[in-house]
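To convert a position in the sequence shown, counted from 1, into the numbering used here, add 1. Glycine included, every Cβ here is placed at the ideal spot set by N, Cα and C. The structure appears right after this line, and notes come after that.
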Amino acid sequence: MAWQQNLQYLIGRPVGVSLMNGQGISGILCNAYGGEIYVMEYLYQAQFAMKHYPFQMVQDINSFPNC
């Protein structure tokens with residue numbers, strides 16, 4: 002998985018994550034350890050949630066482009 006080679010550069014940055022099931026998520030990539038990525042996702046109003054996804058569920062991770 003090529004995206005795993007870039008994980009250290011993406012931690013702390015806004016990312017878009019493509020999952021194997023066709024869904025996509027976006028948020029701040031907070032960490033990656035124990036075979037999982039940890040992403041801070043926006044829920045609504047002023048609420049955020051830290052979610053984690055196993056590496057096997059991740060198809061690709063891309064950083065957000067500059068404005």
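For residue i, the three-state DSSP class (helix, strand or coil)
i   : result
M21 : coil
Q60 : strand
A33 : strand
Q48 : strand
Span of the beta strand (DSSP E) around residue i
i  : result
Q9 : Looking at the DSSP string, Q9 is not in any beta strand (DSSP E); the run it does join, the alpha helix (DSSP H), is L8 to L11.
Outcome for residue i when other beta-carbon atoms lying within 10 angstroms are tallied against a minimum of 16
i   : result
A47 : exposed
A33 : buried
Cβ distance (whole Å) where residue i is taken to contact residue j below 8 Å
i   : j   : result
I62 : L20 : Wrong, their Cβ atoms sit about 10 Å apart, outside the cutoff.
G17 : G25 : 6 Å
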